[in-house]
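For the protein sequence lines, the chains are A and B, in the order given.
By UniProt numbering, the letter at position 203 of the first sequence is numbered 203, and the numbering carries on one by one without gaps.
By UniProt numbering, the letter at position 26 of the second sequence is numbered 26, and the numbering carries on one by one without gaps.
We put the CB at the ideal spot given by N, CA and C, even for glycine.
The structure displayed is predicted, hence computed values, not measured ones.
Here is the structure we will look at, set down as structure tokens.
There are 2 protein chains.
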Amino acid sequence: MPRTLTDPTADRAAAFATDAAADGLTVSLIGSCVATLTGRSQRDLAAGVRTLLWKPDDTVVVHGASGRDPDAWASGGPVTVDAADGLTVACDGGHTAGALRVRFDAVHTATAFDAAGADATTVSGTEAALKDRVLDTPDLVEPGFQPLATERDTPAGPIDIYGRDADGTVTAVELKNVRAGPAAASQLQRYVAALRRTLHADATVRGILVAPAVTAKTRRLLADRGLTFSPVSPPGSRDR
Amino acid sequence: MPRTLTDPTADRAAAFATDAAADGLTVSLIGSCVATLTGRSQRDLAAGVRTLLWKPDDTVVVHGASGRDPDAWASGGPVTVDAADGLTVACDGGHTAGALRVRFDAVHTATAFDAAGADATTVSGTEAALKDRVLDTPDLVEPGFQPLATERDTPAGPIDIYGRDADGTVTAVELKNVRAGPAAASQLQRYVAALRRTLHADATVRGILVAPAVTAKTRRLLADRGLTFSPVSPPGSRDR
DNA sequence: GCCTAGGTCCCGTCT
DNA sequence: AGACGGGGCCTAGGC
Numbered sequence: 001m002p003r004t005l006t007d008p009t010a011d012r013a014a015a016f017a018t019d020a021a022a023d024g025l026t027v028s029l030i031g032s033c034v035a036t037l038t039g040r041s042q043r044d045l046a047a048g049v050r051t052l053l054w055k056p057d058d059t060v061v062v063h064g065a066s067g068r069d070p071d072a073w074a075s076g077g078p079v080t081v082d083a084a085d086g087l088t089v090a091c092d093g094g095h096t097a098g099a100l101r102v103r104f105d106a107v108h109t110a111t112a113f114d115a116a117g118a119d120a121t122t123v124s125g126t127e128a129a130l131k132d133r134v135l136d137t138p139d140l141v142e143p144g145f146q147p148l149a150t151e152r153d154t155p156a157g158p159i160d161i162y163g164r165d166a167d168g169t170v171t172a173v174e175l176k177n178v179r180a181g182p183a184a185a186s187q188l189q190r191y192v193a194a195l196r197r198t199l200h201a202d203a204t205v206r207g208i209l210v211a212p213a214v215t216a217k218t219r220r221l222l223a224d225r226g227l228t229f230s231p232v233s234p235p236g237s238r239d240r
Numbered sequence: 001m002p003r004t005l006t007d008p009t010a011d012r013a014a015a016f017a018t019d020a021a022a023d024g025l026t027v028s029l030i031g032s033c034v035a036t037l038t039g040r041s042q043r044d045l046a047a048g049v050r051t052l053l054w055k056p057d058d059t060v061v062v063h064g065a066s067g068r069d070p071d072a073w074a075s076g077g078p079v080t081v082d083a084a085d086g087l088t089v090a091c092d093g094g095h096t097a098g099a100l101r102v103r104f105d106a107v108h109t110a111t112a113f114d115a116a117g118a119d120a121t122t123v124s125g126t127e128a129a130l131k132d133r134v135l136d137t138p139d140l141v142e143p144g145f146q147p148l149a150t151e152r153d154t155p156a157g158p159i160d161i162y163g164r165d166a167d168g169t170v171t172a173v174e175l176k177n178v179r180a181g182p183a184a185a186s187q188l189q190r191y192v193a194a195l196r197r198t199l200h201a202d203a204t205v206r207g208i209l210v211a212p213a214v215t216a217k218t219r220r221l222l223a224d225r226g227l228t229f230s231p232v233s234p235p236g237s238r239d240r
């Protein structure tokens with residue numbers, strides 16, 4: 001099913017890639033190339049052997065010798081192929097990104113294949129799962145906590161969980177499924193302030209940050225603002 | 001130079017990949033596989049044809065049919081290869097990430113190559129370039145602005161540019177080289193508050209957000225807090 | 001070592 | 001369409 005060329009000429013490789021893309025196949029090119037990105041930010045890749053993947057959604061990624069992220073990429077397309085001066089693959093990534101041009105002086109291997117089925121994924125352990133867990137067992141936040149609404153809207157944005165504590169005090173809960181940083185504290189602070197403005201003037205409002213952990217600076221920020229931290233991890237995570 | 005196998009058995013592919021990695025080569029495997037990630041977050045990829053890249057830094061990325069990001073990945077290693085039940089590539093990504101296992105029921109193409117030179121990049125148009133531009137022409141921020149220090153430290157973190165406005169008022173400048181969101185406004189707010197606490201009690205402190213543009217909500221946030229927005233783009237960007 | 005900030009962030013979701 | 005927030009974000013730099 002997959003087709004492969006070894007050491008093709010630029011013309012052959014260009015025709016091969018164009019035909020494969022027209023058939024909805026993924027194209028893998030391995031070879032020596034240079035790349036330039038022109039746009040808001042300018043990036044140039046010196047000559048080196050890399051892997052280019054041209055996916056059926058017209059995403060182009062260029063992977064180098066290290067790292068999870070591609071050395072260069074573009075999506076938004078369309079993708080154009082040219083064989084005038086070596087094989088050149090180009091794609092315009094739109095206004096915010098820029099235009100990518102990859103020029104191969106030698107293609108070692110060109111492969112085209114049908115990426116059938118390569119999409120279905122199942123995920124767990126996200127913030128949504130943490131929310132489900134807290135709604136199922138509100139005492140995890142603190143004993144007596146009662147959720148009343150999720151995504152309750154305020155002028156500062158939607159509150160993850162809105163409810164009352166054991167004393168009946170209005171409480172905003174902000175969820176993070178990873179260790180929380182200062183941004184989470186100020187977001188919670190904005191929600192609490194918005195609730196105080198929204199409710200009648202002398203209303204007491206509490207804020208609780210629910211996350212597996214917080215950074216030291218965030219813990220101080222919370223304390224300074226009279227906010228509470230409650231350690232809860234998403235279900236199924238190893239640290240329980 | 002690059003070596004290629006077509007439709008190898010699991011044993012052959014495993015030996016091929018192991019040898020290539022030992023030689024510091026990059027390995028590309030194209031074939032039908034399933035993948036599982038176990039850790040804080042659980043992710044499962046159903047059977048599909050994908051590209052696996054095993055890089056010389058022991059990063060493993062698995063690319064599917066769409067998107068810039070890999071469907072699965074691991075780094076931190078070490079990477080292990082096993083041929084007991086189809087070709088299996090595994091890598092432990094550490095505590096926060098999890099362990100990745102990719103099992104191929106069929107390898108269509110296995111390629112190994114030396115990713116020589118695939119590292120050098122030059123970049124421009126970043127926040128650093130915007131800073132250079134502002135330091136070179138401070139009037140871009142506003143007429144009469146005088147930079148005094150960069151990365152000036154405060155309890156809330158380092159201020160991009162610290163200086164005085166035309167009236168001599170202490171001013172904190174926060175730079176963003178892309179359209180700024182609410183996080184930039186609250187970051188600037190934290191810096192201004194920290195400066196007010198640090199300097200003598202009745203000190204006036206201004207805050208200016210310098211970016212090519214801001215979102216509407218951010219513009220309101222800034223106005224509510226008495227902060228200023230000054231539109232400046234990084235040098236060489238298309239919108240000047 | 002942890003933590004913070006930047007990114008062509010990407011990507012989903014909602015207005 | 002733009003906009004906002006989450007992410008196994010990744011990656012570089014600072015302490």
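Neighbour flag for residue i against chain A, beta carbons, 9 Å
| i | result |
| --- | --- |
| V232 (chain B) | no |
| L188 (chain B) | no |
| G207 (chain B) | no |
| D92 (chain B) | no |
| V192 (chain B) | no |
| D19 (chain B) | no |
| T9 (chain B) | no |
| G86 (chain B) | no |
Of the listed residues the options, nearest to residue i (C-alpha basis)
| i | options | result |
| --- | --- | --- |
| T85 (chain B) | B:T218, B:A13, B:V170 and B:E174 | The question names Thr, but residue 85 (chain B) is Asp in the sequence shown. Nearest of B:T218, B:A13, B:V170 and B:E174 to D85 (chain B), Cα basis: B:A13. |
| T150 (chain B) | B:P138, B:V81, B:D19 and B:P56 | B:P138 |
| Y191 (chain B) | B:D160, B:L53 and B:P231 | B:D160 |
| S41 (chain B) | A:L130, A:V134 and A:A194 | A:L130 |
| D105 (chain B) | B:G181, B:P8, B:R133 and B:D92 | B:P8 |
| G67 (chain B) | A:W54, A:A156 and A:G67 | A:W54 |
| P155 (chain A) | A:R43, A:D19, A:Q189 and A:G226 | A:Q189 |
| T51 (chain A) | A:D69, A:H200, A:A180 and A:R220 | A:D69 |
| L140 (chain A) | A:I208, A:A118, A:A83 and A:A203 | A:I208 |
| D19 (chain B) | B:A65, B:D114 and B:G77 | B:D114 |
| D11 (chain B) | B:L87, B:R206 and B:M1 | B:L87 |
| H200 (chain B) | B:P2, B:D153 and B:V170 | B:V170 |
| D165 (chain A) | A:H63, A:D23, A:T204 and A:M1 | A:T204 |
| P2 (chain B) | B:A65, B:R197 and B:T109 | B:T109 |
| A99 (chain B) | B:D224, B:D153 and B:R43 | B:R43 |
| D71 (chain B) | A:L5, A:G77 and A:A118 | A:A118 |
Test: residue i CB closer than 9 Å to a CB of chain B
| i | result |
| --- | --- |
| P147 (chain A) | no |
| A65 (chain A) | yes |
| D114 (chain A) | yes |
| E174 (chain A) | no |
| R12 (chain A) | no |
| A216 (chain A) | no |
| L227 (chain A) | no |
| D44 (chain A) | yes |
| T55 (chain A) | Residue 55 (chain A) is actually Lys in this sequence, not Thr. Cβ-Cβ to chain B under 9 Å: yes for K55 (chain A). |
| H200 (chain A) | no |
Beta-carbon gap between residue i and residue j smaller than 9 Å
| i | j | result |
| --- | --- | --- |
| V173 (chain B) | V210 (chain B) | yes |
| A21 (chain A) | V79 (chain A) | yes |
| L25 (chain A) | A74 (chain A) | no |
| G48 (chain A) | A112 (chain B) | no |
| A120 (chain B) | L45 (chain A) | yes |
| L29 (chain A) | V123 (chain A) | no |
| P231 (chain B) | A213 (chain B) | yes |
| L221 (chain A) | T228 (chain A) | no |
| P147 (chain A) | Y162 (chain A) | yes |
| D58 (chain A) | G76 (chain A) | yes |
| V60 (chain B) | C33 (chain B) | no |
Simplified DSSP state of residue i, which is helix, strand or coil
| i | result |
| --- | --- |
| residue 273 (chain A) | Beyond the ends of chain A as shown, which are 1 and 240, falls residue 273 (chain A); an answer cannot be given. |
| R103 (chain B) | strand |
| R12 (chain B) | helix |
| R68 (chain A) | coil |
| L221 (chain B) | helix |
| L227 (chain B) | coil |
| A22 (chain A) | helix |
| A115 (chain B) | coil |
| A90 (chain B) | strand |
| A83 (chain A) | coil |
| A110 (chain B) | strand |
The ligand ATP heavy atom lying under 8 Å from the CB of residue i
| i | result |
| --- | --- |
| R190 (chain A) | You won't find the ligand ATP in this model; it holds no ligand whatsoever. |
Worksheet entry | Unbroken stretches of the beta strand (DSSP E), 3 residues or longer, contained in the stretch 127-155 of chain A | 146-154
Fill in: Length at least 4, wholly inside the stretch 146-216 of chain A: the alpha helix (DSSP H) runs in chain order
182-198
Practice prompt. Counting only runs of 3+ residues fully inside the stretch 29-63 of chain A, write out the beta strand (DSSP E) ranges in chain order.
Written response: 42-54 and 60-63
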